[in-house]
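Structure, as structure tokens:
Chains as they are written, first to last, in the working numbering: chain H, 2 to 95; chain C, 431 to 1014; chain R, 3 to 314.
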């Protein structure tokens, strides 16, 4: 079998300068919002979150955990006047 | 997008415990003045005690402890390297602050006859005051902020300080930052700035691998350490890390200060207590570390010997305050305090004067080494200051900042914002740059990498070779900061925080290399210099950013003590006073 | 800002509960006293979440004119609303606020009676003395508990005898709290009652009585405390040892030496510490035998005790 051409020096040099590529990945997140109980227009939980990981989903106008940054501190759950939020322990710790 | 522009007499950066009392004090003294409180989250739920606190660890209440006793305890717990005047200032001002909090409606535990129910946890003084209903502490502080009329600006994060230089003199001129919701750049001019940004709590990576599963509120990313450093202010004792004994995996405190007075305690796998230290110190953490890594590990919190009524009382506190999700963590695993031991672990590293001794160098007036810049709370260098220290020093900082802005030199001064345009433009470009990099590295991935490297190279015990390797990795990672990409303002905040975290990592590494001895138990345990060396190292190790942009070190002598401490007392935390029994 | 408040208050009449709730959530940022009457009216809202938000805002506002309406919410149909009302009532201060609370001490609903007494605790309002003494005879034990504690905070001599009678209460928690309340008035005449309480059927009453007697600086309770060294509960044994140490009761020495062999380390630790406090020379051999105790806290207590006893 003939030797493959050694492209490694060229590719290694190229890998250092080429731009970055990205993929999208799913996350299991701790903050679970009951959409039936979440009141449209209310954003108490979004204001409560100390790490700003919640947001109002513009399509549904309900709260949702947008960024996987939760401290499982329960501020959103405690402050929700409608008991629409349940915080689970993040799966990595559970 | 237009910049957000704010002008103030005094701006407080960070609306946690220290920031709230600072802003209230400043506004009360300046009824017509402009006091601005900047907070990267919302002051209703921000700071280390966002969800409340279950007790004070260092209350100095007449009849239970004296300032002299407390200053001596803290001096010993920090192996003598302290500025006693700063501790003393806390010790005498904390009792009026505690009474103020009581009047504001903060709920402290009281005895059946209405006295503060102080508990003895340490050997000498009695300092622990439980707050079983401490969950609404932040609500009460927020109410006082509003009643005082402070201008609160939520969701703006400081990224750099603005410094005015003229005639060889440097002084503070304001804060630059980012609106983490809109992505607008913010310029806040002020005559004085009080930094109250909390700990560097997102430094090491929790063993679970979850970036935000930290002991400290993860919003406290070391912002204040980085802000002060880049402004040229001195920091001190950065080699004295924060490491805590925590519930394994959950990574939150089991609160020995809550369970201890009720009979709970830490045991090894044989079911025996082993911690010799009488105070939460690096020495105690070293004992914990050694036990964990011995044949007597792992280590547990033992509560299963307590009566049902007592367990209910403990759960009522631990499941409602500070980290209330503890209860569902245990329930999820089918564990209960009544039937199971709670497995304990030691945390990843952080920087926090509230629990150890590292921070921005301040004196007893909360002044940093930069004129007009003050610091308080977990990021300021008063050791073992905890919650009450933050509340007390916030007020102290405001008092002296008020004097500063009233001084002739400062009152009418303040260069035109235009004269800072170069610095402002550079910072705006730096902070907003990731938005333009559509294919940039996501901040959470780079943060993971920095913090994983912190664990790999900086987690004690320390050695020069590992630390130098770590610095090489940090230098390469610093280049990658320039490749960060953000697709929204939230990610822009996380990108800027990567810079804070890396700054803290580099400071931690270089400070640890500088002090070639071991001190503070596990916090600065060097395998290559295992002995404490008072002859050479009975000094503060301070660092600052030099004119050439590099990190400079200097040593400051330990100021003469105001409360004398004998040599034998100074060594009491490192002595193994109690011999190990032969057969355990 | 003021326009925003008017607009939000107008929404409280909206038929959609969600609209009313959101309006209250936003009112938080623009609150002033013009919201008082609309917020009081909102306490009658059919939606529980709206009532809770309104209570929170009235608490923030701090105007005592809201107190009667919040007191009424103590008997709300929703438990969450009751809790919010209870939490809010504690945040008011001053004599103006005490008046409506005192007026409700004889309310028909025990939840209201309990709630207002609880809210009165930090007021230490002199005029609350007689109404509180009256509440000690309340039919509901939870009301009597709050009355005992609130009277203790008042610290008035007139309440000693009524509190003393509570040592015989049918409810163990009332008895326990009465022991604690009386600790402030500790007089020789009370010692017999407290000694009797060391034989209570409830272990927590016994424990608290032992602790209080340990602070009496009297020798008369010593025999009763000695008996408690053999209580079926280790928690009581430990406190009895500590109390005897504080009283320097040398009569306890042989009993405490026996307790050094207790299975539970906290009891061994307390016994060792007490022997040190007593300065019991004859305990030295037994103490020294414990230097290899597996529990470090016992070893520390032993070392300190030996040091205390051997240091002149």
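Quick reminder that beta carbons are idealized off the backbone N, C-alpha and C, glycines included. All values derive from a computational prediction rather than experimental measurement.
Residue pairing of residue 983 of chain C in beta bridges, as defined by DSSP: C/973. Rounded to whole angstroms, the gap between the alpha carbons of residue 279 of chain R and residue 248 of chain R is 7 Å. Residue nearest to residue 985 of chain C within the set C/946, C/994, C/997 is C/946 (criterion: CA-CA distance). With fewer than 16 other beta carbons inside 10 angstroms of its own, residue 909 of chain C counts as exposed. Secondary structure at residue 527 of chain C: helix, using DSSP grouped into helix, strand and coil.
For the 8 Å CB-CB criterion, residue 672 of chain C and residue 786 of chain C form a contact.
Of all residues in the segment 151-166 of chain R, the ones placed with a Cβ closer than 7 Å to any Cβ belonging to chain C are 151, 154, 155, 157, in chain order.
Taking each of C/560, C/544, C/543, C/700 in turn and checking the Cα distance to residue 550 of chain C, the smallest one comes out for C/560.
Neighbours of residue 39 of chain H across chain C, judged by C-beta separation under 9 Å, do not exist; the nearest C-beta is about 18 Å away. The C-beta distance from residue 949 of chain C to residue 509 of chain C rounds to 5 Å, short enough to fall under 8 Å. For the pair residue 537 of chain C and residue 547 of chain C, the CB atoms are not nearer than the 8 Å cut-off.
Close partners of residue 260 of chain R in chain C (Cβ separation under 9 Å) are lacking, with about 21 Å as the shortest Cβ gap.
Selection C/745, C/776, C/736, C/737 evaluated against residue 717 of chain C yields C/776 as nearest (Cα-Cα). Identification of chain C residues near residue 88 of chain H by a Cβ-Cβ cut-off of 7 Å yields 755, ordered along the chain. By the Cβ rule, the segment 667-686 of chain C counts as touching the segment 754-764 of chain C, because three or more pairs are nearer than 8 Å. Less than 8 Å separates the beta-carbon of residue 606 of chain C from that of residue 617 of chain C. Among the residues facing chain R, residue 469 of chain C is not included, as its CB has no counterpart in that chain under 8 Å away. Shown here, residue 283 of chain R sits in a helix according to DSSP, grouped into three states. With respect to chain C, the C-beta atom of residue 299 of chain R has a partner C-beta closer than 8 Å. Counting along the chain, the unbroken alpha helix (DSSP H) around residue 48 of chain H starts and ends at 45-49. Against chain C, the beta carbon of residue 91 of chain H has neighbours under 7 Å at 640, 643, listed in chain order. DSSP places residue 240 of chain R in no beta strand (DSSP E) but in the uninterrupted alpha helix (DSSP H) bounded by 236-248.
Any Cβ of chain H closer than 8 Å to the Cβ of residue 885 of chain C would place that residue at the interface, and such an atom is absent. Taking the beta carbon of residue 45 of chain H as reference, the chain R residues within 8 Å of it are 27, listed in sequence order. DSSP links residue 729 of chain C through a beta bridge to C/698, C/774.
If you check the CB distance, residue 657 of chain C and residue 922 of chain C do not come in under 8 Å. Within chain C, the residues 472, 474, 475 have their CB atoms less than 8 Å from the CB of residue 49 of chain H, given in chain order. Residue burial is scored here from C-beta neighbours: residue 980 of chain C has fewer than 16 other C-beta atoms within 10 angstroms and is therefore classed as exposed.
The beta carbon of residue 251 of chain R sits closer than 6 Å to the beta carbons of 224 from its chain, once the five residues preceding and following it are set aside; these are given in chain order. Looking at C/703, C/918, C/694, C/443, the one whose alpha-carbon comes closest to that of residue 590 of chain C is C/443.
For residue 22 of chain H, the nearest CB of chain C lies under 8 Å from its own CB, placing it at the interface with that chain. Proximity of residue 186 of chain R to chain C, defined by a Cβ-Cβ separation below 8 Å, is satisfied. With distances taken between CA atoms, residue 34 of chain R lies nearest to R/10 out of R/10, R/171, R/87, R/116. In the three-state DSSP reduction, residue 837 of chain C falls in the coil class, being neither helix nor strand. Remark: three or more beta-carbon pairs, one from each stretch, lie closer than 8 Å, so the segment 42-57 of chain H and the segment 69-76 of chain H are flagged as touching. Of the other Cβ atoms in all chains shown, 16 or more fall within 10 Å of the Cβ of residue 815 of chain C; this residue is therefore buried.
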